[in-house]
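Novice:
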Amino acid sequence: MRLKTSTLFAAVALAAASGLAAAQTIKIGIMTTYSGPGAAQGDQLDKGFKLYLKLNGSKLPPGVKVEPIFRDDTGANPDAAKRLAQELIVREKVQFLTGFVWTPNAMAIAPLTAEAKVPYISANAAGVSLPRISPYVARVSFTLWQSSYPLGQWAAKKFKRAYTVVSDFAPGHEAEEAFTKGFKDGGGEIVGSARTPMTATDFIPYMQRVKDAKPEAIFAFNPAGKQATAQMKAYADLDLHKAGIKYIGTGDITTDEELQNMGDAALGVITVHHYSAAADRPANKAFVAAYKKEYGEKLNPGFMAVGAWDAMDLIFHVIREQKGKIDPDRTMQLIKNYKNPNSPRGPIQIDPDTRDIMQNEYLREVRKVGGQLANVELETVATQYKDPWKEFNKPK
Ligand code: PHB
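Sequence positions in the sequence shown follow the working numbering and run 263 to 658.
Written as structure tokens, this is what we have:
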């Protein structure tokens, strides 16, 4: 049924006269992976978004509501991602886009955000140059340079020879490049490098090559989820630990939601990352307790769940600041000034120059805490750390 124009005017006038703000529903397009080999990672994003919405959905100005619209990108699939983003922008008229585990998907949709002036907040996709593609892109997750470069610097003080094994797509290449720079600048030598298929589940051939090269350490990046467990198993099955080869990497290789599935082979693994479910900051304890209450005692949130939580917090912040009347340019201004001292990962803020996240990076070791494997934070190796790649590669 269509409202007659006169009736509509009357309703608007009545709302204005009574001082009631017209109800605003803000649509948020959320793209993640619900099917295919990346579904375990996608599930982390889904859980983080839904937990935030459940616990904070009502904390908006009177009359303002959000309507999340979830879509399945089926994995690292740029064409599917583009179709989804187009549909969300054109048909659903979303005012925000967020999500994406996978860098190739985020890269593919970034130009659309500029054409349509619809801001996209990356909740995970970490490809280092992503925010440079469009002024309507910002990121709350991380870059691989943020973890791998300080880890390379740290490793150079402990080891002389390292072997790198990374997943063969942009974040993997960036992890390799960043670790290599940190390690070599500190005097270390890279004795071999391997790139594994993005959806690899058999890491034995790669680990065998590492074993044969006899490095003191293997630096690894894989895209978390079940692959992290598969790679840990290959490290254990070939007895690399007994061969004196230390396993180190980004936090993706010991992701918290999979850690219990990795078994004691993970003990002693050293990583640098921005989030550990075992961290004892009060905001993290509250987050982990809420997560377990919602999804089960046995399940730990991983860093992707935290990325989704923080992406939604940033979106809620800019909705509140604009009292529900969203202007894309004002939104980007507000995003550039966003700070949250109480993310589960510690204090975070958006770097106004790059629209990328600034956060602490922690050196962690897998240990047993109360009978459970945990990424125990040993020290903060970088505080409110900007993406170092962008510092080394300033725009011309
Ligand atoms: C990415 O595609 O940017 C990505 C995916 C999985 C990770 C990290 C980064 O664990």
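Heads up, the beta-carbon is just placed ideally off N, CA and C, and yes, glycines get one too.
Short check: CB of VAL628 to CB of VAL531, under 8 Å?
Specialist: Residue mapping note: residue 628 aligns to position 366 of the sequence shown, counting from 1. Residue mapping note: residue 531 aligns to position 269 of the sequence shown, counting from 1. Yes. Within cutoff.
Novice: DSSP puts GLN611 in a beta bridge; with which residues?
Specialist: Counting from 1 along the sequence shown, the entry for residue 611 is found at position 349. GLN611 is bridged to LYS601, MET620.
Novice: Just jot down, in chain order, the residues whose CB lies closer than 5 Å to any heavy atom of the ligand PHB.
Specialist: The answer, residue by residue, is TRP364, THR365, ALA387, ALA388, PRO433, PRO485, ALA486, ASP514.
Novice: Note down, in chain order, each residue of its chain lying with its Cβ closer than 8 Å to the Cβ of GLN584, except the 5 sequence neighbours on either side.
Specialist: Working through the sequence shown from its first residue, we reach residue 584 at position 322. These residues qualify, in order along the chain: ARG592, THR593, LEU596.
Novice: For ARG264, which three-state DSSP category applies?
Specialist: To locate residue 264, count along the sequence shown from 1; it is residue 2. The predicted position of ARG264 is uncertain, since its pLDDT is 45 and thus under 50; a value taken from the coordinates is nonetheless stated next. Coil, per DSSP.
Novice: Terminal residues of the continuous beta strand (DSSP E) containing LEU635?
Specialist: Translated into the one-based positions of the sequence shown, residue 635 becomes position 373. Residues 634 to 647.
Novice: Restricting to runs no shorter than 4 residues, where is the alpha helix (DSSP H) found entirely within the segment 390 to 441?
Specialist: Runs found: 392 to 395, 406 to 418.
Novice: Considering only residues of the same chain and omitting the five flanking positions on each side of ASP308, which have a CB-CB separation below 6 Å?
Specialist: Position 46 of the sequence shown, counted from the start, is the residue given in the question as residue 308. Result list for ASP308: THR294, in chain order.
Novice: With contact counted as at least three CB pairs below 8 Å, one residue from each stretch, are the segment 360 to 377 and the segment 339 to 352 in contact?
Specialist: Touching, per the Cβ criterion.
Novice: Looking at ASP572 and the ligand PLP, is the gap between the Cβ and the nearest heavy atom below 7 Å?
Specialist: Only the ligand PHB can be found as ligands here, which leaves the ligand PLP out of the picture.
Novice: Decide yes or no for the touch test of the segment 384 to 394 against the segment 547 to 560: beta carbon pairs closer than 8 Å, at least 3 of them.
Specialist: No: the two stretches stay apart, fewer than three of their Cβ pairs being nearer than 8 Å.
Novice: Please look up how many angstroms separate the CB atoms of PHE483 and SER410, rounded, as I've assumed it's under 8 Å.
Specialist: As a first step, residue 483 is located in the sequence shown; it is residue number 221 there, counting from the start. As a first step, residue 410 is located in the sequence shown; it is residue number 148 there, counting from the start. PHE483 to SER410, Cβ: 7 Å. Contact.
Novice: So, are the CB atoms of ALA285 and GLY325 less than 8 Å apart?
Specialist: On the sequence shown, position 23 is the one that residue 285 refers to. On the sequence shown, position 63 is the one that residue 325 refers to. Yes, Cβ-Cβ distance for ALA285 and GLY325 is below 8 Å.
Novice: For GLN286, which residues does DSSP report across the bridge?
Specialist: The residue labelled residue 286 in the question sits at position 24 within the sequence shown. Paired residues: VAL326.
Novice: Considering only residues of the same chain and omitting the five flanking positions on each side of GLY212, which have a CB-CB separation below 6 Å?
Specialist: What the structure shows of the chain is the stretch from 263 to 658, and residue 212 is not part of that stretch, so it cannot be assessed.
Novice: Out of ALA486, GLY448, ALA492, which has the shortest C-alpha to C-alpha gap to TYR468?
Specialist: Counting from 1 along the sequence shown, the entry for residue 468 is found at position 206. When each option's Cα is compared against that of TYR468, the closest is ALA492.
Novice: When DSSP builds the beta bridges, which residues end up paired with TYR382?
Specialist: For the purposes of this step, residue 382 is taken as residue 120 along the sequence shown, with counting starting at 1. Beta-bridge pairing links TYR382 to LEU359, VAL399.
Novice: Where does GLU478 fall in DSSP's three states?
Specialist: Against the sequence shown, residue 478 aligns to sequence position 216. Three-state result, GLU478: coil.
Novice: Quick one: what does DSSP say ALA456 is sitting in, helix, strand or coil?
Specialist: Within the sequence shown, the letter at position 194 stands for residue 456. Here ALA456 sits in strand by DSSP.
Novice: Would you check if the segment 434 to 445 and the segment 366 to 374 touch, i.e. whether three or more CB-CB distances between them fall below 8 Å?
Specialist: These segments do not touch.
Novice: Skipping 5 residues on each side, what residues in its chain have a beta carbon closer than 7 Å to that of ARG582?
Specialist: On the sequence shown, position 320 is the one that residue 582 refers to. Only LEU322, PRO323 meet the Cβ criterion.
Novice: Taking the alpha-carbon of SER429 as reference, which of ASP575, LEU406, LYS422, ILE383 has the nearest alpha-carbon?
Specialist: For this step, residue 429 is matched to residue 167 along the sequence shown. When only C-alpha atoms are compared, the closest one is LEU406.
Novice: Who are the near neighbours of ALA540 in its chain, counting only those whose CB is closer than 7 Å to its CB and skipping five residues on each side?
Specialist: As a position in the sequence shown, residue 540 is number 278, starting the count at 1. Cβ neighbours of ALA540 beyond the five flanking positions: VAL631, ALA636, ASN637, VAL638.
Novice: Return the chain-ordered list of same chain residues with a C-beta closer than 8 Å to the C-beta of LEU270, the five sequence neighbours on each side being excluded.
Specialist: Within the sequence shown, the letter at position 8 stands for residue 270. Model confidence at LEU270 stands at a pLDDT of 42, short of 50, so the residue's coordinates are unreliable; what they give is reported in the following sentence. Excluding positions up to five away in sequence, the list is empty.
Novice: Using a 10 Å radius around the Cβ and a threshold of 16 neighbouring Cβ atoms, would you call SER297 buried or exposed?
Specialist: In the sequence shown, residue 297 corresponds to position 35, counting from 1. Exposed, since its Cβ has fewer than 16 Cβ neighbours within 10 Å.
Novice: Between the alpha carbons of TYR382 and VAL399, how many angstroms are there, rounded?
Specialist: Stepping through the sequence shown from its first residue, residue 382 is reached at position 120. Stepping through the sequence shown from its first residue, residue 399 is reached at position 137. Cα-Cα distance, rounded: 5 Å.
Novice: Starting from GLY525, trace the beta strand (DSSP E) both ways and give me its first and last residue.
Specialist: By one-based count along the sequence shown, residue 525 stands at place 263. Here GLY525 belongs to no beta strand (DSSP E), and DSSP marks it neither H nor E.
Novice: Please confirm whether ASN602 and PRO614 have their CB atoms less than 8 Å apart.
Specialist: Within the sequence shown, residue 602 is the residue found at index 340, counting from 1. Within the sequence shown, residue 614 is the residue found at index 352, counting from 1. No; because the gap between Cβ atoms is not below 8 Å, this pair is not in contact.
Novice: Taking 8 Å as the threshold (C-beta atoms), are ALA343 and GLY300 in contact?
Specialist: For the purposes of this step, residue 300 is taken as residue 38 along the sequence shown, with counting starting at 1. For the purposes of this step, residue 343 is taken as residue 81 along the sequence shown, with counting starting at 1. For GLY300 and ALA343, no; Cβs fall outside 8 Å.
Novice: Cutting at 6 Å between CB atoms, please list the residues of its own chain near PHE404, excluding the five before and the five after it.
Specialist: Here residue 404 refers to the residue found at position 142 when the sequence shown is read from its first residue. Answer for PHE404: ALA388, HIS536, listed in chain order.
Novice: State the start and end residues of the unbroken alpha helix (DSSP H) segment that holds HIS579.
Specialist: Residue mapping note: residue 579 aligns to position 317 of the sequence shown, counting from 1. 565 to 583 is the span of the alpha helix (DSSP H), which, as asked, contains HIS579.
Novice: Starting from GLY450, follow the beta strand (DSSP E) in both directions and report where the run begins and ends.
Specialist: The residue labelled residue 450 in the question sits at position 188 within the sequence shown. First-last for GLY450: undefined, no H or E at that position.
Novice: Roughly how many angstroms lie between the CA atoms of VAL453 and ALA440, to the nearest whole one?
Specialist: Taking the sequence shown and counting its residues from 1, the one referred to as residue 453 is at position 191. Taking the sequence shown and counting its residues from 1, the one referred to as residue 440 is at position 178. When rounded, the distance between both Cα atoms is 16 Å.
Novice: Can you tell me the Cα-Cα spacing of ASP335 and LEU346, whole angstroms?
Specialist: Stepping through the sequence shown from its first residue, residue 335 is reached at position 73. Stepping through the sequence shown from its first residue, residue 346 is reached at position 84. Going from the Cα of ASP335 to the Cα of LEU346 covers about 7 Å.
Novice: For LEU625, which three-state DSSP category applies?
Specialist: Along the sequence shown, one-based indexing puts residue 625 at 363. LEU625 falls in the strand class under three-state DSSP.
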